[in-house]
Structures are given as structure tokens and as C-alpha cells.
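Inspection log for the structure reproduced underneath, given as C-alpha cells.
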Amino acid sequence: MSVSGSSRDAQSLSDRIAVLVKSLRADVPDCLAAGAIDMSTGMLLSVETVDSHPPEVLDMLAAATLDLFQGRNVVMIENIFKERRGIKTDKHYFQEILVNSENLAHLFLRFDSDDEVVAVVVCRNTVNVGMLFAQARRVLREGGRL
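For the sequence shown, the working numbering begins at 1344 and goes up steadily by one.
Next comes the structure, spelled out in C-alpha cells:
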């Protein structure tokens, strides 16, 4: 994540991310948890959840998100896709990933303004997937300018 300027700028960035995560948690249907992860460091920037989780679990979520989006094989696939499609950009190819588990739906979305930050939204698997995407995208579009 590229942060420049004074510590005041960094604090306002932290505040903006915290507000965005709260909005995801409040506005996405059936949302149980939301968070933001810095892909350049693998650090969890903010989290809002209905349950308390040990810090180790949250750290593992951040690390798994980093692997999911920027693991060695994923980056190779992205580069092959970009090359085959003639795309000449440093921007990551994969922007959103949906993972369904037995009871939950996990949506991972890169921020448009900074693709080194990924938002994570966890919902019950009974969620309307279209609404999950629509609401998460809306929140990021409205509040995701870092």
C-alpha cells in the first residue's frame, strides 16, 4: 500500500479504511465479518466481525488472502493471461475472488484506487450472491478512494 506524507495522512488513511470496513459490515447482506488487508505487507488493516476471533486466526486470514491473490502460481497465471490478451499494465489481473465453504461465502475484492489493498467480506452461504457482489462493489466504489 502506498502511503506518503505525514503521520496525519497515515492516520486519516487508517480512519478511512476503518469506516469502509464498517460500511461493508453494515451494508452487505448477511455479513458476518469484513476486513481490509494490505497486499504489500500481508497485514490486516481493519476488521469488523460479529464474533471475537483470536489474533492468530485473523493473521492467518490475512496471510491466506495474500497467497490467494499474489501467490507465486497466481501471479504466473495472471502474467500469462495478460500476455495472451495483450494487456500491458502492472495492475493485477484478478480483481475479485469468491470462495464458498460449507457454511460461508467469502468475497475478496481489490480496491479500485489501490490494488494493493483487498477487502474481505464473509457472509452466510445463504446470501444472494448477486446482492453480495452488488453491495460490496457499491461500498467500495463510494468509499474506496484511498
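Even for Gly, the Cβ is constructed at its ideal location relative to N, Cα and C.
Item checked: Three-state secondary structure assigned by DSSP to methionine 1382 -> coil
Check: If you drop the 5 nearest sequence neighbours on each side, which residues of the same chain put their C-beta closer than 6 Å to that of valine 1465?
Finding: Leu1375, Ala1376, Leu1447 and His1449
Note to self: Quick check on the DSSP output: what are the complete alpha helix (DSSP H) runs of length 4 or more inside the stretch 1396-1438, in order along the chain?
What the structure shows: 1398-1413 and 1415-1427
Notebook entry, point to check: Going straight from the alpha carbon of leucine 1384 to that of valine 1470, what length do you get?
Noted result: Sequence check: residue 1384 is threonine here, not leucine. Whole-angstrom Cα-Cα distance: 31 Å.
Next item on the list: Below 8 Å CB to CB, which residues in the same chain sit around valine 1393 once its five sequence neighbours on both sides are set aside?
Entry: Leu1375 and Ala1376
Notebook entry, point to check: Would you report the Cα separation of glutamine 1413 and methionine 1382, rounded to the nearest angstrom?
Noted result: 8 Å
Next item on the list: Note down, in chain order, each residue of its chain lying with its Cβ closer than 6 Å to the Cβ of aspartate 1370, except the 5 sequence neighbours on either side.
Entry: Gln1478 and Val1482
Note to self: Once the 5 residues before and after serine 1444 are set aside, which same chain residues still bring their CB inside 6 Å of it?
What the structure shows: none
Item checked: heavy atom of the ligand SAM below 8 Å from glutamine 1478 C-beta -> Absent from the structure shown: the ligand SAM. Ligands present: none.
Margin query: Using only CA atoms, which one of Phe1451, Asp1373, Phe1476 and Met1419 lies nearest to leucine 1404?
Written below: Phe1451
Item checked: Which of helix, strand or coil DSSP assigns to serine 1357 -> helix
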